Amino acid sequence: MIDLHLHTTASDGSCTPSELVRRAREAGIDILAVADHDTVAAVAETKALATAAGLTCIAAVEITAVHEARDVHVLGYFVDVTSPVLLAFLEDGRRDRVRRATEMCDRLAHLGAPIDVETLVQRSGGPNSGKSIARPAVAKALVEAGHVQTVQEAFDRFLAEGKPAYCPRVGASPKDVVSLIAQAGGIASLAHPGPLGKDQLIDRLAADGLTALECFHSDHDEDTTRRYLLLALRLGLAVTGGSDFHGPGGRRAESFGRVGLPLDHYRDLLARARRSGSMAAQSV
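For the sequence shown, the working numbering puts the final residue at 324, and the numbers step up evenly by one.
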């Protein structure tokens, strides 16, 4: 099985690289990609552990862009994780994540649900650690402080878009992120377009260098998957897919080992990466 959308504790996942590789092997996943949010901190360790376990791990990242005040996630595959341009961009993004988390904590305090922002930032290691802080960390802190019973309740009451503690992100455009991924030797795929609900953006991004579309995803039913497969075919895009697993007990956990990318699409993705000159793809 092939799962090209997995997360670790380097961003908002609950599995360390070693635990993720172990679980992947037990689930029958042969090829995987760690696509943490705005960081590549776990890629090298996961690749080494996967190789030792007889699995293939490709270098990836999930970068947050902003379009019309909404997050747009762009997956970068076969990226050079040592690229100075990529690393500098990701560091800036992590700094904005700290800024955003601090602002959310300020709003929560005014709403009568205070949490310790310093502890929250220290847990993430700060922007210079290579790890990124995300809303699930804020949600977990709300649970620990006794303000809510579950992470889902934290999002439903405070942190989801439109809720009182939600803070919009400031960031690069999807077009700029697609270009950045290309500069880092990778190929770009628009993540989970179904929940995103911005199909009008896909045509424009395809003209701007988008290489692929994530058609197989835990949040896509059969009709949605079929619709995006047809769209990818019309636009000449490759197809990516994965469970978007963040850890056991989390949202989409039931899709781990069940939702993945068919082999023919993976072969096409790899061939395109090699033709583009990606050094990371040459070694796969």
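Glycine included, each C-beta is placed from N, C-alpha and C at the ideal position.
If you're wondering where the values come from, they're calculated on a predicted model, not measured in any experiment.
Boundaries for phenylalanine 256: no alpha helix (DSSP H) harbours it, while the beta strand (DSSP E) harbouring it runs 252 to 257, taken from the DSSP string. Scanning Ala105, Ala64 and Val218 for the CA closest to the CA of leucine 95 turns up Ala64.
In the DSSP assignment, the residues bridged to cysteine 97 are Leu72. The shortest CA-to-CA distance from alanine 321 to any of Ala100, Gly300, Leu115 and Asp263 is the one to Ala100. Per DSSP, reduced to three states, the secondary structure at valine 114 is strand. By the beta-carbon neighbour count (other beta carbons within 10 angstroms, threshold 16), arginine 175 is buried. Nearest in C-alpha terms to aspartate 43, of all of Pro124, Gly68, Asp52 and Lys203, is Gly68. DSSP places alanine 228 within a strand segment (E or B) once states are collapsed to three. Remark: fewer than three beta-carbon pairs, one from each stretch, lie closer than 8 Å, so the region 142 to 160 and the region 240 to 260 are not flagged as touching.
For alanine 205, there is no enclosing beta strand (DSSP E), as DSSP gives it neither H nor E. In the three-state scheme derived from DSSP, where H, G and I count as helix and E and B as strand, isoleucine 221 is classed as helix.
Boundaries of the alpha helix (DSSP H) around aspartate 243: 239 to 247. Our two residues, alanine 50 and alanine 272, have alpha carbons roughly 31 Å apart in a direct line. By alpha-carbon distance to glycine 211, the top candidate from Asp78, Ile155 and Ile71 is Asp78. If you look at leucine 44, you'll find it in the beta strand (DSSP E) that goes 42 to 46. The straight-line gap separating the alpha-carbon atoms of threonine 91 and proline 208 is approximately 39 Å. Three or more pairs of CB atoms, one per stretch, sit closer than 8 Å, so the region 231 to 238 contacts the region 99 to 119. Assigned with DSSP and collapsed to three states, histidine 150 falls in helix.
Here isoleucine 103 is bridged, per DSSP, to Val114. Taking glycine 237 as reference, the option from Glu85, Asp248, Glu108 and Leu46 with the minimal CA-CA separation is Glu108. If you draw a straight line from the Cα of glutamine 162 to the Cα of glycine 282, it comes to about 30 Å. With fewer than 16 neighbouring CB atoms inside 10 Å of its own CB, threonine 159 falls in the exposed class. It is roughly 9 Å from the alpha-carbon of arginine 292 to the alpha-carbon of histidine 257. Here DSSP, grouped into helix, strand and coil, assigns alanine 278 to strand. Counting of Cβ neighbours within 10 angstroms places aspartate 52 among the buried residues, the total reaching 16 or more. Taking C-beta atoms as the reference points, valine 114 and valine 218 count as a pair closer than 8 Å.
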